[in-house]
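Visitor:
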Amino acid sequence: MRLATWNVNSIKVRLPQLLDWLAVARPDVLCLQELKTEEAKFPRAELLAAGYASAVNGQKTYNGVALLSRTPLAEVTVDIPGFADEQKRVVAATIGGVRVVCVYCPNGQAVGADKYQYKLRWFAALRGYLAEQLQRHPHLAVAGDFNVAPEDRDVHDPKAWEGQVHVSEPERSAWRALIALGLKDSFRLFEQPERIYSWWDYRMLGFRRNAGLRIDHILLSEPLARACSASTVDRAPRKLERPSDHAPVLAEVAAET
DNA sequence: ATGGCTACGATCCGTAGA
7 MRLATWNVNS
17 IKVRLPQLLD
27 WLAVARPDVL
37 CLQELKTEEA
47 KFPRAELLAA
57 GYASAVNGQK
67 TYNGVALLSR
77 TPLAEVTVDI
87 PGFADEQKRV
97 VAATIGGVRV
107 VCVYCPNGQA
117 VGADKYQYKL
127 RWFAALRGYL
137 AEQLQRHPHL
147 AVAGDFNVAP
157 EDRDVHDPKA
167 WEGQVHVSEP
177 ERSAWRALIA
187 LGLKDSFRLF
197 EQPERIYSWW
207 DYRMLGFRRN
217 AGLRIDHILL
227 SEPLARACSA
237 STVDRAPRKL
247 ERPSDHAPVL
257 AEVAAET
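The first sequence begins at 7 in the numbering used here and counts up by one.
#1: Thinking just about the alpha-carbon of each residue, which of Ala147, Val19, Ala10, Phe48 is nearest to the one in Leu246?
#2: Rounded to whole angstroms, what is the Cα-Cα separation between Tyr124 and Gly114?
#3: When burial is assigned at 16 or more other CB atoms within 10 Å of the CB, is Ile275 buried or exposed?
#4: Verify whether the separation of the beta carbon atoms of Val148 and Leu225 is less than 8 Å.
#5: Look at the Cβ atom of Phe213, then the Cβ atom of Trp206, and state whether they are nearer than 8 Å.
#6: Do you know how far the Cα of Thr43 is from the Cα of Val255?
#7: Going along the chain, which unbroken runs of the beta strand (DSSP E) with 3 or more residues stay wholly within the segment 121-208?
#8: Using DSSP with H/G/I as helix, E/B as strand and the rest coil, what is Gln39?
#9: Can you list, in chain order, the stretches of the beta strand (DSSP E) that have 3 or more residues and sit fully within the segment 227-251?
#10: Just tell me which of Tyr110, His223, Gln170 has its CA closest to the CA of Asp91.
#11: Note down, in chain order, each residue of its chain lying with its Cβ closer than 8 Å to the Cβ of Thr100, except the 5 sequence neighbours on either side.
#12: CB-CB under 8 Å to Glu200, same chain, minus the five flanking residues each way: which ones, in chain order?
#13: Secondary structure at Arg50, three-state DSSP: helix, strand or coil?
#14: Mind checking who Trp12 pairs with in its DSSP beta bridge?
#15: How big is the Cα-Cα spacing for Val62 and Val161?
#16: Could you say which of Asp26, Gly88, Ala231 lies nearest to Gly134 if we only look at CA atoms?
#17: Can you grab the Cα-Cα spacing for the pair Asp120 / Asp151, in whole Å?
#18: So Ala257 is in the beta strand (DSSP E); what residue range does that whole segment cover?
#19: DSSP on Leu24, reduced to helix/strand/coil?
#20: For Val117, does the three-state DSSP call read helix, strand or coil?
#21: Spell out the partners DSSP gives Cys111 in its beta bridges.
#22: Exposed or buried, Gly64, counting other C-beta atoms within 10 Å across all chains shown (16 or more means buried)?
#23: Where does Ile221 sit, in a helix, a strand or coil, going by DSSP?
This is the structure in structure tokens:
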């Protein structure tokens, strides 16, 4: 199974690029974030024509997530059960025996802001949810935009970013609490080149300078991690005209798991 | 120099992203 995640920053604007990328990269499953679109306006028919069924948790203007799959999506659920939240950030489904949870974790805005407190509360709720999901589904993948750069090597300029939102210790601690559930960062299962990121600021020629952060991740439960043969970032879509500020992240997991 | 871009939904600016 080729599993991928991509924050498209508006499904409406990025649909042509998404369709092109699906045809070339041919993931089996793709987690999408920041649709910025309600479900009624989600391009379900266009994606179905391209060979992908979808499960959507949409929202107008902000947030919004979807799961795309070449094979049927079963047991679809939305949001984090028991966590009251107006923002549409989670959709999950079972695909080919793998439970896939697509997440768009809060940005946090700035350390100490109300949105930062919300981010930390949200991560605590996510941890509880994933603990329960792991009990039920040993073959669990959690993919999406986590808005956390786990280590300094995931940051283009750690000194400039020190203590800032996305790298602050409480955020990294929340990340490690997910890892402590028994989830593996698929990207770090392998030797990787240095300075690989998944997001670059639109401003300041961020992409050209490779001034980025690695904040989009695919977490795998231990049985899936053992079956994982590769994990990469595909920078190609970020080079196009009018790109998303995020690049897709992929993980290859052997089919028989 | 603490900005710089992009998307959205409201207008011709504010909110949000990271």
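Think of the CB as a built atom: it goes at the ideal place given N, C-alpha and C, for glycine as much as any other residue. In this text the structure is predicted, and so the values were computed from the model without any measurement.
Guide: The short version:
#1: Locating residue 246 in the first sequence gives position 240, counting from the first residue. For the residues Ala147, Val19, Ala10, Phe48, the minimum Cα distance to Leu246 belongs to Val19.
#2: Working through the first sequence from its first residue, we reach residue 124 at position 118. Working through the first sequence from its first residue, we reach residue 114 at position 108. About 7 Å.
#3: With the chain represented from 7 up to 263, any question about residue 275 goes unanswered, as that position is not in the structure.
#4: Along the first sequence, read from residue 1 onward, the residue named residue 148 stands at position 142. Along the first sequence, read from residue 1 onward, the residue named residue 225 stands at position 219. Against a cut-off of 8 Å, the Cβ pair of Leu225 and Val148 comes out as a contact.
#5: The sequence position of residue 213 within the first sequence is 207, counting from 1. The sequence position of residue 206 within the first sequence is 200, counting from 1. Cβ atoms of Phe213 and Trp206: closer than 8 Å.
#6: If you number the first sequence from 1, residue 255 lands on position 249. If you number the first sequence from 1, residue 43 lands on position 37. C-alpha separation (whole angstroms): 22 Å.
#7: Listed in chain order, they are 146-151, 189-191.
#8: For the purposes of this step, residue 39 is taken as residue 33 along the first sequence, with counting starting at 1. In the structure shown, Gln39 sits in a strand (DSSP, three-state: E or B).
#9: Assignment of beta strand (DSSP E) within the segment 227-251, counting only whole runs of 3 or more residues, yields 234-239 in chain order.
#10: Here residue 91 corresponds to residue number 85 of the first sequence, with the count starting at 1. Nearest to Asp91 by alpha-carbon distance, out of Tyr110, His223, Gln170, is Tyr110.
#11: Within the first sequence, the letter at position 94 stands for residue 100. If you ignore the 5 residues before and after Thr100, its C-beta comes within less than 8 Å of the C-beta of Leu79, Ala80, Glu81, Val106, His143, all in its own chain and listed in chain order.
#12: Here residue 200 is taken as the residue at index 194 of the first sequence, counted from 1. For Glu200, where only same-chain residues beyond five positions count, the Cβ hits under 8 Å are Arg159.
#13: The residue you call residue 50 lines up with position 44 of the first sequence. In the three-state reduction of the DSSP assignment, Arg50 falls in the helix class.
#14: Within the first sequence, numbered from 1, the residue matching residue 12 stands at position 6. In DSSP, Trp12 forms a bridge with Leu38.
#15: By 1-based counting over the first sequence, the position of residue 62 is 56. By 1-based counting over the first sequence, the position of residue 161 is 155. Inter-residue distance for Val62 and Val161 is about 31 Å (C-alpha atoms, whole angstroms).
#16: Here residue 134 refers to the residue found at position 128 when the first sequence is read from its first residue. Ranking Asp26, Gly88, Ala231 by Cα distance to Gly134 puts Gly88 first.
#17: Position 114 of the first sequence, counting from 1, holds the residue named residue 120. Position 145 of the first sequence, counting from 1, holds the residue named residue 151. Between the C-alpha atoms of Asp120 and Asp151 there is a straight-line separation of about 20 Å.
#18: Residue 257 sits at position 251 when you count from the first residue of the first sequence. That run of the beta strand (DSSP E) goes 255-259.
#19: Position 18 of the first sequence, counted from the start, is the residue given in the question as residue 24. Leu24: helix per DSSP, three-state reduction.
#20: Mapped onto the first sequence, residue 117 falls at position 111. DSSP places Val117 in coil when its eight states are reduced to three.
#21: Taking the first residue of the first sequence as position 1, residue 111 is located at position 105. None; Cys111 has no bridge partner.
#22: As a position in the first sequence, residue 64 is number 58, starting the count at 1. Gly64 counts as buried, since no fewer than 16 other beta carbons sit within 10 angstroms of its beta carbon.
#23: Residue 221 sits at position 215 when you count from the first residue of the first sequence. Note: Ile221 maps to coil in three-state DSSP.
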